[in-house]
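Only one structure is covered here, and it is reproduced in the block below.
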Amino acid sequence: MYKNAIVSFKGAQNIKAEIGLTGSKSECNRALIINSLSKNLVKVENLSNAADTVTLHSILVDLSVNDATKNEVKTVDVGPAGTAMRFLSAYLAAKNGNFLLTGTERMKQRPIGILAEALKKIGANISYTEKEGFPPLAIKGPLQQSSAHIKIKGDISSQYISALLMLAPTLPQGLVLEIEGELTSKPYVEMTLAMLAECGISHTWNNNLITIKHQSFKPSTLIIEPDWSAASYWYSIVALAKNAEISLPYLRERSLQGDSQIQSIMEIFGLSTSKTAHGIALKKDQTIKNTDKVLDLKTCPDLAQTIVVVAAALGLNMSFTGLETLKIKETDRVAALQNELAKIGVKLIEDHFIYTLDCSQLHFPQKVTFATYEDHRMAMAFAPLALLIEEVEIEEYHVVEKSYPYFWEDLKKAGFEVVNT
């Protein structure tokens with residue numbers, strides 16, 4: 054399905070570029086669900102062109118114009134879009150009709166049982182058509198609410214919680230959500246609540262209880278900020294280049310997006326972030342520091358591949374925690390990192406939930422081909438190594454369409470040579 058891309062960087066590494074990033078996929082997909090739940094009272098501006106957002110938008114538009122009937126099962130195929138799978142599980146449970154919610158073979162391997170069982174406890178009619186606890190889901194709506202209080206584990210996926218929170222104000226009894234254990238990716242739950250607040254939906258959050266009463270959305274507009282996850286790859290480029298200055302318009306230092314933490318994390322590698330008239334600017338002007346402490350990434354797991362690859366490429370034997378959820382993403386990202394880092398002589402060793410780099414055998418061959426495992430973040434995390442390796446080949450380069458369709462074109466703007474094969 055996908056071809057490969059050869060990435061190289063010729064000449065002096067003095068990079069200076071302004072890169073306009075696509076809208077945040079995380080914000081967009083929440084905004085699209087809120088728009089549909091509000092029956093278009095809430096408008097959305099600056100939609101992302103990421104494949105996951107395009108997929109969810111297309112599905113919601115189709116559902117709005119082609120109502121399902123009680124006698125006909127409507128198949129809803131999200132492909133590889135994990136956010137769409139989680140959010141639509143809740144959305145379809147409350148919608149009139151019979152649905153079969155499915156996706157790619159990899160999607161059928163990604164657990165959904167915690168969310169599905171929580172929805173069933175509040176009255177949803179959901180069953181598994183293949184493997185228990187995994188997609189595809191047979192959903193018969195609308196749910197008849199039987200309870201307003203549910204418990205859900207917080208350390209598996211924040212998207213389960215966000216899916217329930219967005220549905221909550223439309224439920225006759227509202228919802229009291231009790232989070233069991235530690236909350237993984239807390240900034241994403243905070244993002245959901247902040248976006249709901251922009252649309253007139255209030256909540257209370259006391260200890261591990263989040264309460265949202267039944268209430269109406271108010272006419273409003275959600276303006277999507279550029280994607281901080283996409284920005285992380287430019288931080289990586291600045292960290293690995295000899296000299297680099299990158300400007301990223303319209304990004305806000307104070308952001309709803311949890312991945313904006315890349316600003317402080319990358320200070321470890323000597324990078325600074327400064328505010329400009331139109332956004333932010335990145336520059337490497339400090340020394341590497343604090344590499345001996347264990348870096349906890351549980352609140353920003355989507356940054357893990359970028360940060361781990363940068364640390365490995367710089368020969369830093371850093372340790373990380375909070376990577377457990379990486380094993381149920383688009384691929385097993387821990388295993389994928391271990392496989393690909395080995396190609397430059399680096400080991401990523403797992404020991405009781407602590408992951409440590411061993412860079413004692415680090416080397417840069419003349420050419421390296423990196424596999425992506427159908428994972429967009431693998432492609433974008435490893436491409437910047439073209440600053441250190443004469444020629445980098447990225448397999449299945451089109452995977453970046455999932456979140457950052459213009460990644461390769463933007464690399465060219467910064468002086469990289471990219472040849473599709």
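The sequence shown begins at 54 in this note's numbering and counts up by one.
Just so you know, even glycine gets a beta-carbon here, dropped at the ideal spot from N, CA and C.
Note that the structure is a prediction, hence the values are computed from the model and not measured.
- Within the model, the alpha-carbon separation for Tyr144 versus Phe270 is close to 16 Å.
- Each of Tyr457, Met319 and Met248 was checked against the Cα of Met219, and the nearest Cα belongs to Met248.
- Per the Cβ contact rule, the segment 436–456 is in contact with the segment 404–424 (3 or more Cβ pairs under 8 Å).
- Of the candidates Tyr288, Ala364 and Glu383, the residue whose Cα lies closest to the Cα of Thr425 is Glu383.
- Leu394 is the residue among Leu350, Thr378, Lys346 and Leu394 whose C-alpha sits nearest the C-alpha of Ala365.
- Under DSSP, Thr155 forms a beta bridge with Asp130.
- Contact between Val60 and Phe469 holds: their C-beta atoms lie close to 6 Å from each other, under 8 Å.
- Here the alpha carbon of Met138 sits roughly 14 Å from the alpha carbon of Lys455.
- By the CB criterion at 8 Å, Ala70 and Lys466 fall inside the cutoff.
- As for any alpha helix (DSSP H) of minimum length 4 sitting wholly inside the segment 340–397, the runs are 357–366 and 386–394, ordered along the chain.
- If you compare the alpha carbons of Gly253, Gly332, Pro195 and Arg163 with that of Lys173, the shortest gap goes to Pro195.
- Checking the DSSP bridge columns, you'll see Phe140 has no partner listed.
- DSSP, read as helix, strand or coil, puts Ile209 in coil.
- Leu94 and Ala389 have their C-alpha atoms spaced approximately 43 Å apart.
- Val95 is bridged by DSSP to Ser273.
- Per DSSP, the unbroken beta strand (DSSP E) holding Ser327 starts and ends at Leu324 to Lys328.
- Around the CB of Gln316, 16 or more other CB atoms lie within 10 Å, so the residue is classed as buried.
- Judged by DSSP in its simplified three-state form, Asn57 adopts coil rather than helix or strand.
- Residues Trp281, Ser282, Ser285, Cys353, Asp355 and Leu356 of the same chain have their beta carbon placed closer than 7 Å to that of Asp312, with the five preceding and five following residues left out of the count.
- Among the bridge pairs identified by DSSP, Thr409 is matched with Ser372 and Ile402.
- Apart from the 5 residues on each side of it in sequence, Leu217 sits with its Cβ closer than 8 Å to the Cβ of Ala143, Leu168, Ala171, Leu172, Ile203, Ile205, Leu228 and Leu230 in its chain, given in chain order.
- Spatial neighbours of Thr128 in its own chain (CB-CB distance under 6 Å, excluding positions within 5 residues in sequence) are listed in chain order as Leu153.
- Between the C-alpha atoms of Ala191 and Thr136 there is a straight-line separation of about 18 Å.
- Annotation: the continuous beta strand (DSSP E) that includes Ala334 extends over Gly332 to Lys337.
- Counting along the chain, Lys420 sits inside the beta strand (DSSP E) bounded by residues Lys420 to Phe423.
- Nearest neighbour of Ser91 by Cα position, chosen from Asn67, Leu275 and Ser79, turns out to be Leu275.
- It is roughly 49 Å from the alpha-carbon of Lys295 to the alpha-carbon of Gly186.
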